[in-house]
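Written out below as structure tokens is the structure these notes cover.
Residue numbers (this note's numbering): 1 to 187.
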């Protein structure tokens with residue numbers, strides 16, 4: 001809760017992302033939970049549902065990333081540390097769009113490399129949330145072409161390279177090319 005409610009200031013020390021008491025505390029807590037999850041008692045306790053603790057830690061880390069982003073805009077972009085200020089700030093909204101898109105694409109890419117369906121679906125759902133945010137928040141009658149163009153361009157420019165990463169690794173049959181090859185398996 002401190003991660004959401006605190007702006008991370010530790011006066012008289014200057015605010016430095018990742019190296020401030022709040023972020024160090026959250027990182028230590030997440031690390032402690034991850035280390036505990038690797039212990040034998042934790043593995044026995046969560047044996048029936050091994051994905052639940054990982055999902056909870058991942059969700060907490062995602063909230064932490066978002067809070068760090070907003071705190072950075074508060075300290076370095078002069079955005080007040082209030083929810084209404086965040087929703088009306090072009091910089092914060094574009095930053096959230098980029099953070100969510102990058103997180104979704106990295107999660108989908110790593111999950112695809114490891115053949116893990118559930119994390120890939122979480123990444124796809126996060127990417128769908130980005131598109132919904134673009135439609136409902138960024139395009140919601142704000143009248144600013146800059147906000148719309150910045151968000152849309154950032155999402156499009158970050159999704160295009162990821163969609164081509166594994167293009168050469170698809171199984172192909174001799175003499176088959178293009179879209180048909182993507183749906184053909186090697187025998």
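C-beta atoms are modelled at their ideal positions from N, C-alpha and C, and glycine is treated no differently.
By a beta-carbon distance limit of 8 angstroms, residue 95 does not contact residue 127. Their separation comes to about 17 angstroms. Judged by DSSP in its simplified three-state form, residue 127 adopts helix. Nearest C-alpha to residue 107 among 10, 77, 73 and 55: 55.
By the beta-carbon neighbour count (other beta carbons within 10 angstroms, threshold 16), residue 71 is buried. Check the Cα spacing between residue 65 and each of 4, 117, 31 and 37: the tightest is with 4.
Taking the Cα positions, residue 102 is about 34 angstroms away from residue 40. Shortest Cα-Cα distance from residue 76 to any of 59, 11 and 15 involves 15.
Sorting 59, 38 and 61 by C-alpha distance to the C-alpha of residue 50 places 38 at the top.
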